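Protein chains in written order, with the numbering used here: chain A, 1 to 145; chain B, 146 to 290; chain C, 291 to 435. Just so it is clear, CB atoms sit at the ideal spot from N, CA and C, and this is done for glycine as well. Just so we're clear, the structure is a prediction, and the values are computed from it rather than from any experiment. First up is the structure itself, then whatever we jot down about it.
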Amino acid sequence: MTIKDCELGKDVKIIEPVNMYECKLGDNCFVGPFVEIQKNVIIGESTRIQSHSFICEGVTIGNHCFIGHGTMFTNDLFDSPNIESWIMRKTIVGNNVRIGSNVTILPIAIGDNVIIGAGAVVTKDVSAGCVIAGNPAKIIRKIED
Amino acid sequence: MTIKDCELGKDVKIIEPVNMYECKLGDNCFVGPFVEIQKNVIIGESTRIQSHSFICEGVTIGNHCFIGHGTMFTNDLFDSPNIESWIMRKTIVGNNVRIGSNVTILPIAIGDNVIIGAGAVVTKDVSAGCVIAGNPAKIIRKIED
Amino acid sequence: MTIKDCELGKDVKIIEPVNMYECKLGDNCFVGPFVEIQKNVIIGESTRIQSHSFICEGVTIGNHCFIGHGTMFTNDLFDSPNIESWIMRKTIVGNNVRIGSNVTILPIAIGDNVIIGAGAVVTKDVSAGCVIAGNPAKIIRKIED
């Protein structure tokens with residue numbers, strides 16, 4: 001139930017309990033209950049972080065995104081010899097991205113206007129305008145312009 | 146840690162912290178910690194909502210069900226032009242349904258006496274008496290009468 | 291936000307809110323927010339239980355493990371006639387095991403030095419030194435000695 005040393009834009013709405021520290025959120029963002037957002041995370045304007053999500057250090061999210069309930073970002077590929085020596089990997093999410101509930105996101109780059117189906121496990125970079133789903137997630141269609 | 150404007154039956158047990166508002170639960174229900182239940186959700190009698198679950202607006206659950214830990218219901222198929230214009234989809238869960246942990250449920254109908262394996266992503270309606278699992282979930286057997 | 295009747299080793303760090311009762315944690319463990327750990331769970335030394343995880347009765351975890359965010363353990367195979375008559379199944383996790391985020395673990399045995407990829411659904415025993423991923427999880431490689 002902590003909001004510590006965060007830089008919050010105008011009209012940010014947060015439903016407690018949350019655990020947020022040393023992160024930055026743009027104007028009009030929403031954060032649901034049971035969310036953790038770690039240090040150095042940057043989130044753009046009008047983005048919604050739904051309940052039960054975890055946004056780890058190393059993640060940057062754009063404007064006007066929807067991060068579904070129970071979305072878990074990651075920053076460790078378990079490629080170090082032990083848990084103390086882990087190497088932080090980064091994830092970038094573009095603008096107007098919609099992520100379904102219970103999605104797992106490995107450290108990757110996601111372009112603008114992407115849709116990720118609920119329950120997907122995203123293991124590779126995703127190009128702008130793609131709709132993906134599954135474990136591991138695959139492209140199921142492209143959004144028509 | 147809010148329980149607001151809920152209609153709770155007799156002997157409902159709730160483990161805080163939870164976030165529940167404008168929902169209705171029948172007699173003898175159990176709600177574990179870190180659960181969110183949104184407005185207009187209706188849950189029957191003697192149903193257990195385990196920890197970390199999210200029950201969104203548009204969901205109706207029957208009697209004597211087990212909703213496993215980390216189950217995420219959904220009500221948005223991301224088929225609108227943007228996040229503001231989303232269309233609410235409904236989900237109906239029958240009686241005596243058992244849902245495993247970390248299950249994701251798209252807006253569908255689930256019949257009576259269904260069992261859903263842990264980690265499943267349920268994308269289609271499920272007939273009564275079926276046992277399903279996987280991503281996307283498929284029928285693995287039928288319960289013998 | 292309860293820590294009740296737990297046996298905690300030296301230098302255990304817990305980030306509230308959590309729900310922990312009648313469990314035992316070794317020295318130097320870490321428990322993140324929004325975690326539930328049930329009665330009779332035993333966790334070794336220097337193990338990290340990350341946010342949003344659920345560790346149920348019947349689970350034993352070794353030393354120096356990393357249990358990723360949103361990991362759900364289970365102890366019920368839904369093989370009883372109804373939810374009241376459930377049979378508790380056990381899970382044993384060895385030492386130096388790393389489990390990714392949003393992983394679901396059926397009641398099984400996991401050997402030492404195992405790595406489980408994020409989003410995996412683990413349905414069978416896992417031998418020491420294996421790297422597994424997917425739903426259902428399969429061996430993708432073995433760790434070289």
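Report back the beta-carbon spacing between residue i and residue j to the nearest angstrom; my notes put them in contact at under 8 Å.
i	j	result
Val114/A	Gly100/A	Going by Cβ atoms, the distance from Val114/A to Gly100/A rounds to 11 Å, so no, they are not a contact pair.
Gly352/C	Val387/C	7 Å
Ile92/A	Thr60/A	5 Å
Ile67/A	Ile49/A	5 Å
Gly129/A	Ile143/A	5 Å
Restricting to Cα atoms, I'd like to know which of the options is closest to residue i.
i	options	result
Asn247/B	Ile140/A, His52/A and Asp11/A	His52/A
Thr364/C	Asp224/B, Gly215/B and Asp221/B	Gly215/B
Gly268/B	Val180/B, Ser225/B, Ile288/B and Lys235/B	Before going on, a small fix: residue 268/B reads as Thr here, not Gly. Thr268/B has its Cα closest to that of Lys235/B, out of Val180/B, Ser225/B, Ile288/B and Lys235/B.
Val325/C	Cys346/C, Cys355/C and Asn318/C	Cys346/C
Asn318/C	Trp376/C, Phe368/C, Glu335/C and Ile293/C	Glu335/C
His354/C	Ser417/C, Leu315/C, Ile373/C and Glu374/C	Leu315/C
Pro33/A	Arg141/A, Ser85/A, Ile3/A and Val121/A	Ile3/A
Met72/A	Ile37/A, Ile83/A and Asp112/A	Ile37/A
Asp369/C	Glu229/B, Phe223/B and Arg286/B	Arg286/B
Glu84/A	Phe320/C, Gly348/C and Phe344/C	Phe320/C
Cys168/B	Glu152/B, Ile159/B and Gly256/B	Glu152/B
Tyr166/B	Asn185/B, Ile159/B and Gly154/B	Asn185/B
Let me confirm a value: residue i is counted as buried when at least 16 other C-beta atoms fall within 10 Å, else exposed. Which label applies?
i	result
Ile284/B	exposed
Asp301/C	exposed
Asn309/C	buried
Glu16/A	buried
Pro81/A	exposed
Met233/B	exposed
Asp270/B	exposed
Asp221/B	buried
Is there at least one Cβ from chain F nearer than 8 Å to residue i's Cβ?
i	result
Asn403/C	The structure shown contains no chain F; the protein chains it does contain are A, B and C.
For this session: Pair every Cβ in the stretch 244-252 of chain B with every Cβ in the stretch 127-134 of chain A, then say whether three or more of these pairs are closer than 8 Å.
Result: They do not touch, by the three-pair rule.
Exercise. In the stretch 340-358 of chain C, which residues sit with their C-beta less than 9 Å from some C-beta in chain A, listed in chain order?
Worked result: Answer set for the stretch 340-358 of chain C: Gln340, Ser341, His342, His354, Cys355, Phe356 and Gly358.
Problem set entry | Contact list for the stretch 151-163 of chain B against chain C, Cβ threshold 9 Å | For chain C, the residues of the stretch 151-163 of chain B that bring a beta carbon within less than 9 Å of one of its beta carbons are Ile160, Glu161 and Pro162, in chain order.
For this session: Could you run through the stretch 238-254 of chain B and flag, in chain order, every residue whose CB is less than 9 Å away from some CB of chain A?
Result: The stretch 238-254 of chain B vs chain A, Cβ under 9 Å: Asn247, Val248, Thr249, Ile250 and Leu251.
Exercise. Listed from N- to C-terminal order along the chain, which residues in the stretch 163-183 of chain B have their beta-carbon within a distance smaller than 8 Å of any beta-carbon of chain A?
Worked result: Cβ contacts with chain A come from Asn164, Phe179 and Glu181.
Problem set entry | Where the stretch 115-130 of chain A meets chain C: residues whose CB sits under 7 Å from a CB there | When C-beta distances to chain C are compared with 7 Å, the residues of the stretch 115-130 of chain A below that value are Val121, in chain order.
For this session: Taking only beta carbons into account, state which residues of the stretch 66-91 of chain A come closer than 7 Å to chain C, listed in chain order.
Result: Cβ contacts with chain C: Gly70, Met72, Thr74, Phe78 and Ile83.
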